[in-house]
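Right, one structure below, let's go through it.
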Amino acid sequence: MKKPILTLGRVVLTLLVVTLAAVVVWRMVMYYMYAPWTRDGHIRADIVQIAPDVSGLIQKVEVTDNQPVHKGQVLFTIDQDRFRLALRQAQATVAERQETWEQARRENKRNRGLGNLVAREQLEESQSREARALSALGESKVAVDAAQLNLDRSVIRSPVDGYLNDRAPRDHEFVTAGRPVLSVVDAASFHIDGYFEETKLDGIHVGQGVDIRVIGDNARLTGHVVSIVAGIEDRDRSSGSNLLPNVNPAFSWVRLAQRIPVRIAFDDVPADFRMIAGRTATVSIIDDTQEGTR
Numbered sequence: 001m002k003k004p005i006l007t008l009g010r011v012v013l014t015l016l017v018v019t020l021a022a023v024v025v026w027r028m029v030m031y032y033m034y035a036p037w038t039r040d041g042h043i044r045a046d047i048v049q050i051a052p053d054v055s056g057l058i059q060k061v062e063v064t065d066n067q068p069v070h071k072g073q074v075l076f077t078i079d080q081d082r083f084r085l086a087l088r089q090a091q092a093t094v095a096e097r098q099e100t101w102e103q104a105r106r107e108n109k110r111n112r113g114l115g116n117l118v119a120r121e122q123l124e125e126s127q128s129r130e131a132r133a134l135s136a137l138g139e140s141k142v143a144v145d146a147a148q149l150n151l152d153r154s155v156i157r158s159p160v161d162g163y164l165n166d167r168a169p170r171d172h173e174f175v176t177a178g179r180p181v182l183s184v185v186d187a188a189s190f191h192i193d194g195y196f197e198e199t200k201l202d203g204i205h206v207g208q209g210v211d212i213r214v215i216g217d218n219a220r221l222t223g224h225v226v227s228i229v230a231g232i233e234d235r236d237r238s239s240g241s242n243l244l245p246n247v248n249p250a251f252s253w254v255r256l257a258q259r260i261p262v263r264i265a266f267d268d269v270p271a272d273f274r275m276i277a278g279r280t281a282t283v284s285i286i287d288d289t290q291e292g293t294r
């Protein structure tokens with residue numbers, strides 16, 4: 001009697017083990033094949049290129065490589081002697097043209113006061129002279145404003161709160177207007193771009209919670225889905241010489257799922273976490289049912 005019972009127990013135990021193994025395998029297959037997660041996540045940030053608006057020699061650099069900076073903080077100063085001289089020259093021109101205009105105004109006023117004693121042509125000429133002098137005065141005042149603007153913009157400031165790159169300029173380097181000298185990583189723009197296979201997009205929607213694990217760091221970060229990209233490049237199609245679509249042949253037995261960028265914003269970041277643009281992360285979308293029980 002004991003032998004049939006022992007045999008039945010072994011059968012039941014075997015069935016339980018097989019069932020448990022099947023469930024585990026099924027869950028693993030569902031997770032790795034269909035669950036919205038990816039190891040291809042990258043921390044991104046906006047990079048602001050700093051280019052001076054005027055050219056000249058750098059007089060003094062106020063920052064060092066990789067230094068955190070604040071909005072409005074002075075980064076470096078371009079030699080201001082030339083701009084000060086230009087401002088003084090423009091101010092002298094204003095004073096000269098101010099005197100010319102006042103003289104023309106007095107002459108015009110005197111001619112108008114003489115009435116019929118002054119020829120009409122002479123009166124019109126004095127009025128025209130006053131108008132030209134006033135226009136020249138306005139032009140010289142604009143030149144003063146432009147010279148003052150150049151002087152002000154010889155001081156280069158950070159436009160955002162952030163971090164400098166690893167190559168700050170050096171004293172006495174010559175910089176050219178419009179040419180970037182250094183860049184600042186915008187501290188307020190850090191986010192994650194997760195590249196998910198298109199077969200997993202059904203489980204992703206805007207506002208959904210995200211669990212983030214950055215490689216090389218034990219900290220647990222959380223975030224939420226901000227947006228899903230509206231288009232990606234079609235690598236299998238290009239325009240031929242006749243402006244007709246040039247489509248590569250498809251192999252029906254091999255269909256690789258493309259990766260779609262999903263933008264994720266950070267919600268909870270530990271204070272001691274080092275945010276570096278370019279770091280790799282594993283991104284897992286939190287299921288709605290799991291999110292409701294947290």
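UniProt numbering puts the first residue of the sequence shown at 1, with every later residue one more than the last. Glycine included, C-beta positions come from ideal geometry on N, C-alpha and C. Everything numeric in this text was worked out from a predicted model, so none of it was measured.
- Would you give the residue range spanned by the beta strand (DSSP E) that residue 162 belongs to? Numbered from 1 along the sequence shown, position 162 holds the residue referred to as residue 162. That run of the beta strand (DSSP E) goes 162 to 164.
- Query: Applying the criterion that 16 or more other CB atoms from any shown protein chain within 10 Å of the CB defines a buried residue, is residue 83 buried or exposed?
  - Reply: Looking up residue 83 in the sequence shown gives position 83. With 16 or more other Cβ atoms within 10 Å, it is buried.
- Message: So, with DSSP's three-state summary, where would you put residue 83?
- Response: Translated into positions along the sequence shown, residue 83 becomes position 83. Residue state, collapsed to three classes: helix.
- Buried or exposed: which applies to residue 15, given that a residue is buried once 16 or more other Cβ atoms fall within 10 Å of its Cβ? Working through the sequence shown from its first residue, we reach residue 15 at position 15. With fewer than 16 other Cβ atoms from the protein chains shown falling within 10 Å of its own Cβ, residue 15 counts as exposed.
- Message: Counting only beta-carbon separations shorter than 9 Å, does residue 212 have a partner in chain B?
- Response: Reference to chain B is not applicable here, since this structure consists of a single protein chain.
- Taking only the alpha-carbon atoms, compute the straight-line gap between residue 262 and residue 186 and give it to the nearest angstrom. Start at 1 with the first residue of the sequence shown, and residue 262 comes out as number 262. Start at 1 with the first residue of the sequence shown, and residue 186 comes out as number 186. Taking the straight line joining both Cα atoms gives about 20 Å.
- How is the beta strand (DSSP E) around residue 266 delimited, first residue to last? For the purposes of this step, residue 266 is identified with residue 266 of the sequence shown, where counting begins at 1. Per DSSP, the unbroken beta strand (DSSP E) holding residue 266 starts and ends at 259 to 268.
- residue 17, DSSP secondary structure in three states: As a first step, residue 17 is located in the sequence shown; it is residue number 17 there, counting from the start. Reduced to three states, the DSSP call for residue 17 is helix.
- Item | Close-in-space but distant-in-sequence residues of the same chain around residue 286 (CB under 7 Å, 5 per side omitted) | By one-based count along the sequence shown, residue 286 stands at place 286. Annotation for residue 286: 208, 209, 210 and 211 place their beta carbon closer than 7 Å to its own, counting only its chain and skipping 5 residues before and after.
- Query: Using the C-alpha atoms, what's the distance from residue 69 back to residue 280?
  - Reply: Taking the sequence shown and counting its residues from 1, one reaches residue 280 at position 280. Taking the sequence shown and counting its residues from 1, one reaches residue 69 at position 69. Residue 69 has its alpha-carbon roughly 25 Å from the corresponding atom of residue 280.
- Query: Just how far apart, CA to CA, sit residue 283 and residue 142?
  - Reply: As a first step, residue 283 must be located in the sequence shown, where it is residue number 283. As a first step, residue 142 must be located in the sequence shown, where it is residue number 142. Rounded to whole angstroms, residue 283 to residue 142 spans 56 Å at the Cα level.
- Rounded to a whole number of angstroms, what is the C-alpha to C-alpha distance between residue 167 and residue 256? Sequence index remark: in the sequence shown, residue 167 carries index 167 (1-based). Sequence index remark: in the sequence shown, residue 256 carries index 256 (1-based). C-alpha of residue 167 to C-alpha of residue 256: approximately 41 Å in a straight line.
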